[in-house]
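For the sequence shown, the positions run 3 to 250 when my numbering is used. Quick notes on the structure that follows.
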Amino acid sequence: MDKSKLGAVPRHVAIIMDGNNRWAKKRLLPGVAGHKAGVDAVRAVIEVCAEAGVEVLTLFAFSSENWQRPAEEVGALMELFLGALRREAKKLLDNDIGLRIIGDRSRFHPELQAAMREAEALTAGNRRFTLQIAANYGGQWDIAQAAQRLAREVQAGHLQPEDITPGLLQTCLATGDLPLPDLCIRTGGEHRISNFLLWQLAYSELYFSDLYWPDFKHEAMRKALADFATRQRRFGKTSEQVEAEARS
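Have a look at this one:
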């Protein structure tokens, strides 16, 4: 990919990977077939983002609400996640991609928790690109756990309540040491963020695709990045102010 043709490139892209079940249903396949097909889309999107110069890609793999799905589907998803971790970790290592997983891991099977730790440790030194997987994650959970961390600091006498600022709370989020998402993509035709990175998406550009996730491959990702390059991010300022700053 010619980076010079892209224009502005987001440092951090976050994606809500929606539409796996509907993709499978349309083909008269079981739902798990859609999730398996979605793994190919993950590979394609990682490839495009890394080539374009994106620094961080966060994928919403499993929400804290997804436990309400049929037990058979949840079990199949856990098996797929475990298999993908074991199969893909070496590829991430070889491509200088660091893996990190955010969310409440306590509900996952110990075997899956161990695989998460092993994959993260294996790729911990990789610096080219960061792949962040949100698993058993919810934006409300993230804000609550950050507030709890700060409350413990106040209780211990290390902080005063007046010391707590939006910036300080942000550092306590699961993504606190990473840049905020510049672009959030949702596939599958739905127009909502579904409790994903609620704090972090405050100023993100939103991009919605009608494609089901398994069909969101190289061309679709490049189209999303090209669309982002046309956006003017104002952060509360006027367009005239932004343009004047760009000229200075």
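The beta-carbon is built from N, C-alpha and C at its ideal position, and this holds for glycine as well. All figures in this text were calculated on a predicted structure; none of them were measured in a lab.
- For arginine 130, the number of other beta carbons within 10 angstroms of its own is below 16, and it is reported as exposed.
- For leucine 208, the enclosing beta strand (DSSP E) stretches over residues 207 to 210.
- Partner residues in the beta bridge of tyrosine 139, as assigned by DSSP, are Ser65.
- Taking 8 Å as the cut-off, the Cβ atoms of phenylalanine 230 and tyrosine 209 count as close.
- In this structure, DSSP gives arginine 29 a state outside helix and strand, which the three-state scheme calls coil.
- Its chain contains Pro12, Arg13, His14, Val15, Ser206, Glu207, Phe230 and Arg235 as the residues whose beta carbon lies nearer than 8 Å to that of aspartate 184, once the 5 sequence neighbours on both sides are disregarded; these appear in chain order.
- Shown here, phenylalanine 230 sits in a helix according to DSSP, grouped into three states.
- Residue burial is scored here from C-beta neighbours: proline 181 has fewer than 16 other C-beta atoms within 10 angstroms and is therefore classed as exposed.
- Among the bridge pairs identified by DSSP, glutamine 134 is matched with Thr60 and Arg102.
- Cβ atoms of isoleucine 18 and isoleucine 195 come within 8 Å of each other, at about 7 Å.
- According to the DSSP assignment, leucine 185 belongs to the beta strand (DSSP E) that extends over 185 to 188.
- When beta bridges are read from the DSSP output, isoleucine 17 appears opposite Leu61 and Ile187.
- Sequence-distant Cβ neighbours of isoleucine 166 in its own chain, meaning closer than 6 Å and more than five residues away, are Leu152.
- Under the DSSP assignment, lysine 239 falls outside any alpha helix (DSSP H); it carries neither an H nor an E label.
- Comparing C-alpha distances from leucine 175 to each of Arg188, Ile187, Gly141 and Glu53 shows the shortest one belongs to Gly141.
- Scanning its chain for C-beta atoms nearer than 8 Å, with the 5 sequence neighbours on each side dropped, one finds around isoleucine 48 the residues Leu59, Ile99, Phe131 and Leu133, in chain order.
- The continuous stretches of alpha helix (DSSP H) do not include proline 181, and DSSP gives it neither H nor E.
- Leucine 170 and methionine 118 have their C-alpha atoms spaced approximately 28 Å apart.
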